[in-house]
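A.B. asks:
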Amino acid sequence: MRRSNRGFTLIEIMIVIAIIGIVITIGYPSLTEYVKKGRRAEVVSVLSEQAQILERYYTKNNTYTNATGLSTGTDFYTITPTITDQTYLLTATRKAGAMATDKCGDFTLTNTGVRSMNNATTGLTTKDCWGR
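Put into structure tokens, the structure is as follows:
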């Protein structure tokens, strides 16, 4: 009588689990970094939009004070404007949660176009985090 073998052996299942573990170990950090990079790109875009709003207002009124239509931020960053008659500083501060430990820290943009990061990992440049 011939016995039919159907199903998987314990060794085959363990090999599949090991392969899945390796893929997750390699893939998950890459995935989370791509997600963070996308969130950084979003806040950089919002900061640029805010700067454009302020510059248009300044062109019409010769002051940055009382400009309207400014965003308060994104799901992961809070944008705080510091505005005087002739200058502004836009600061995007990380909210608690997924971006709280981001290596790029908090973003700042001035009326002169100076882009910088606060609390960023040592060695990072503005190009690394701002993307330009």
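The numbering of the sequence shown is this note's numbering, which starts it at 87 and goes up by one. By construction, the Cβ of each residue, glycine as well, lies at the ideal position given by its N, Cα and C atoms. Remember, it's a predicted structure, so these values are computed and weren't measured experimentally.
May I ask you to check if the CB of leucine 96 is nearer than 6 Å to at least one heavy atom of the ligand NAD?
C.D. replies: Inclusion of the ligand NAD in the displayed structure is not the case, the ligand content being empty and no account of it being possible.
A.B. asks: Which runs of the alpha helix (DSSP H) at least 4 residues long sit entirely within the segment 133–189? Give them in chain order.
C.D. replies: Segments of the alpha helix (DSSP H) lying fully in the segment 133–189: there are none.
A.B. asks: Hey, leucine 140 and alanine 153: beta-carbon distance below 7 Å or not?
C.D. replies: Looking up residue 140 in the sequence shown gives position 54. Looking up residue 153 in the sequence shown gives position 67. Yes, they are a contact pair.
A.B. asks: Is DSSP giving arginine 201 helix, strand or coil here?
C.D. replies: The residue given as residue 201 occupies position 115 in the sequence shown. Here arginine 201 sits in strand by DSSP.
A.B. asks: Less than 7 Å separating the beta-carbons of threonine 179 and aspartate 192?
C.D. replies: Numbered from its first residue, the sequence shown carries residue 179 at position 93. Numbered from its first residue, the sequence shown carries residue 192 at position 106. Yes, Cβ-Cβ distance for threonine 179 and aspartate 192 is below 7 Å.
A.B. asks: Going by beta carbon distance, what residues of the same chain come within less than 8 Å of glutamate 135, once the five residues before and after it are set aside?
C.D. replies: Here residue 135 is taken as the residue at index 49 of the sequence shown, counted from 1. If we look at glutamate 135 and ignore the five residues flanking it on each side, its Cβ neighbours are Ser157.
A.B. asks: How would you call phenylalanine 162, buried or exposed, if buried means at least 16 neighbouring beta carbons within 10 angstroms?
C.D. replies: Translated into the one-based positions of the sequence shown, residue 162 becomes position 76. Buried is the call here.
A.B. asks: Taking 7 Å as the threshold (C-beta atoms), are threonine 208 and lysine 189 in contact?
C.D. replies: Translated into the one-based positions of the sequence shown, residue 189 becomes position 103. Translated into the one-based positions of the sequence shown, residue 208 becomes position 122. In this structure, threonine 208 does not lie closer than 7 Å to lysine 189 by Cβ.
A.B. asks: Which value, in whole angstroms, describes the spacing of the CA atoms of asparagine 197 and glycine 113?
C.D. replies: As a first step, residue 197 is located in the sequence shown; it is residue number 111 there, counting from the start. As a first step, residue 113 is located in the sequence shown; it is residue number 27 there, counting from the start. For asparagine 197 and glycine 113, the distance between alpha carbons rounds to 40 Å.
A.B. asks: What would DSSP say about leucine 117, mapped onto helix, strand or coil?
C.D. replies: The residue labelled residue 117 in the question sits at position 31 within the sequence shown. DSSP, reduced to helix, strand and coil, places leucine 117 within a helical segment of the structure shown.
A.B. asks: Since threonine 212 is in the alpha helix (DSSP H), which residue starts that stretch and which ends it?
C.D. replies: The residue labelled residue 212 in the question sits at position 126 within the sequence shown. Per DSSP, the unbroken alpha helix (DSSP H) holding threonine 212 starts and ends at 212–216.
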